[in-house]
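Going by this note's numbering, the letters in the sequence shown line up with residues 14 to 396, in that order.
Only one structure is covered here, and it is reproduced in the block below.
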Amino acid sequence: MKDALLTQLFANSPVPALVCKRDSAKWNNEAFDHLTKPEKRALAHWACSEQGRCTLIEGRVFTRVQVEAYSLISAAPSTDLELTRTLTETLLEKLKQGSDPFYALPEILSRHLGWREAKGVKLSTDNTLVRVGDYREGEYQAPKTLSLDSDPAARLYTGNIETCLIHEDETDQDSWFALRVDSSAGNPLGHFWLGKPNEGSSPLVNSLQLVQHCIQLSTAWLSHAETAEQPRTLPGDTLTGLATREALDRLLQQCEHQYREHNQDFLLAMIDIDGLSAVNQSKGQRAGDDVLHQFADHLRHICRASDRLFRFGGDEFVILFHHDDLSPPLHERLERINARMSKTLGQPFHSSYGTAALSQARGSGDELLLLADSQLRKAKSSN
């Protein structure tokens, strides 16, 4: 194929295109000229490096088509709009519930894109990496802290230049890619990693675009929530990925305002795992952490989109509901969780709970917590 043919095909295309022969650029269209200087430099460097079929530059995916000595580099077209909408709706529901995107997003991406493994990894202040969400073969693994050098995506944090890493395997069985997540100030917060595509999974180019879309949605959501001073997702609990006590306290302040100004009532359920200390003593801390992780995951699945779930501390969890005439069937839902956990663990499992309404606490969030805790202690003493 001659370079003249390529130039004719892409001369008037709105998609940026670049033609290279071996290690030098030969031609580009007008749309390429409209790219920023950093984009042009990065794209030309990648084009001449002959590394990989696609890359991510300044949030845009570019692909490579190799024909003899010529390489055609062009921006990838928009991906599946229906799948984009599904991912957006699913992720927004989780964000509204106060979920940490580093925990929630791996399962969403794995299920909808068809990759067998997905990880949400946070960069800690001591330059270690915490795998907050580690979703493999249909279930979450326990969180894990790693040194920066031991992670295959460590280059994302070296020199702050690369924001995307792609490892392509000839059989695709060991292919993976990682995208860095930056704050609004440009500081690295962590990354998402997807690996081992299933047969029929979303192609690499599409997956890159969709993960980038979800990252942009998550950071925009959190940034807006912070600016608006709404209850926002603070750093999540590293074991379960749930929002923490600090996030609950902020939300209760908003609930107090809603109660005073609009007479909006709220119901708080405090839930406790019975006998977790015995598991820690007999089977070790790791086994106890696994129980907490599994229980938190089950709680997520009984929550509606409007419910807010938190890890209160230790083996206690809190769910906050909008209170109306139709109370949530919490007892039945927890009994189902107890049965599932008993089956999974191969031994009896039980959790207790106590509830209280904000109206009972005279609009005080602190008193609401005390009332729910009192009801929880009564329930535990009667077991």
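Every residue gets a Cβ at the ideal spot worked out from N, C-alpha and C, and that includes glycine.
Small disclaimer: the values here were computed from a predicted structure and weren't measured.
Collapsed DSSP secondary structure at residue i in the structure displayed
i, result
"residue 204", "strand"
"residue 81", "coil"
"residue 299", "helix"
"residue 38", "strand"
"residue 68", "strand"
"residue 227", "helix"
"residue 177", "strand"
"residue 152", "strand"
"residue 25", "coil"
"residue 232", "helix"
"residue 252", "coil"
"residue 165", "coil"
"residue 186", "coil"
"residue 113", "coil"
"residue 61", "helix"
"residue 119", "helix"
"residue 361", "coil"
Burial state of residue i, where buried means 16 or more other Cβ atoms lie within 10 Å
i, result
"residue 242", "With a pLDDT of 41 at residue 242, under the threshold of 50, the predicted position of this residue should be treated as unreliable, and no value is reported."
"residue 391", "exposed"
"residue 29", "buried"
"residue 176", "buried"
"residue 348", "exposed"
"residue 246", "Reliability of the predicted coordinates at residue 246 is poor, the pLDDT of 43 falling under 50, and no value is obtained from them."
"residue 222", "buried"
"residue 320", "buried"
"residue 93", "exposed"
"residue 46", "exposed"
"residue 266", "exposed"
"residue 208", "buried"
"residue 229", "exposed"
"residue 140", "exposed"
"residue 193", "buried"
"residue 84", "buried"
"residue 114", "buried"
"residue 156", "buried"
"residue 54", "exposed"
"residue 260", "buried"
"residue 182", "exposed"
"residue 257", "buried"
"residue 383", "exposed"
"residue 240", "Any reading at residue 240 must be qualified, since the residue scores a pLDDT of 44, below 50, and its modelled position is unreliable; the value itself is stated next. Answer is exposed; the Cβ neighbour count stays below 16."
"residue 356", "exposed"
Segment limits, alpha helix (DSSP H) that includes residue i
i, result
"residue 272", "258-275"
"residue 44", "43-46"
"residue 379", "378-395"
"residue 193", "Not the alpha helix (DSSP H): residue 193 falls in the beta strand (DSSP E), residues 189-195."
"residue 352", "343-358"
"residue 103", "94-109"
Beta-ladder partner(s) of residue i, from DSSP
i, result
"residue 158", "143"
"residue 366", "284"
"residue 87", "30 and 76"
"residue 321", "333"
"residue 279", "335"
"residue 375", "Answer is none; residue 375 lacks a bridge partner."
"residue 213", "The partner list for residue 213 (beta bridge, DSSP) is empty, contrary to what the question assumes."
"residue 326", "329"
beta-carbon residue i near the ligand COA non-hydrogen atom, thresh 8 Å
i, result
"residue 43", "Only the bare structure without any ligand can be found here, which leaves the ligand COA out of the picture."
Residue i versus residue j: straight-line alpha-carbon distance, rounded
i, j, result
"residue 215", "residue 380", "50 Å"
"residue 211", "residue 105", "26 Å"
"residue 364", "residue 297", "20 Å"
"residue 224", "residue 316", "25 Å"
"residue 218", "residue 323", "36 Å"
"residue 150", "residue 129", "5 Å"
"residue 38", "residue 79", "14 Å"
"residue 187", "residue 345", "43 Å"
"residue 386", "residue 202", "35 Å"
"residue 328", "residue 285", "6 Å"
"residue 31", "residue 40", "6 Å"
"residue 168", "residue 154", "24 Å"
"residue 120", "residue 58", "34 Å"
"residue 367", "residue 335", "16 Å"
"residue 67", "residue 99", "24 Å"
"residue 61", "residue 48", "18 Å"
"residue 278", "residue 87", "55 Å"
"residue 300", "residue 359", "13 Å"
"residue 307", "residue 353", "10 Å"
"residue 137", "residue 143", "7 Å"
"residue 24", "residue 333", "58 Å"
Segment limits, beta strand (DSSP E) that includes residue i
i, result
"residue 181", "Premise fails: residue 181 is in no beta strand (DSSP E) and is neither H nor E."
"residue 130", "128-136"
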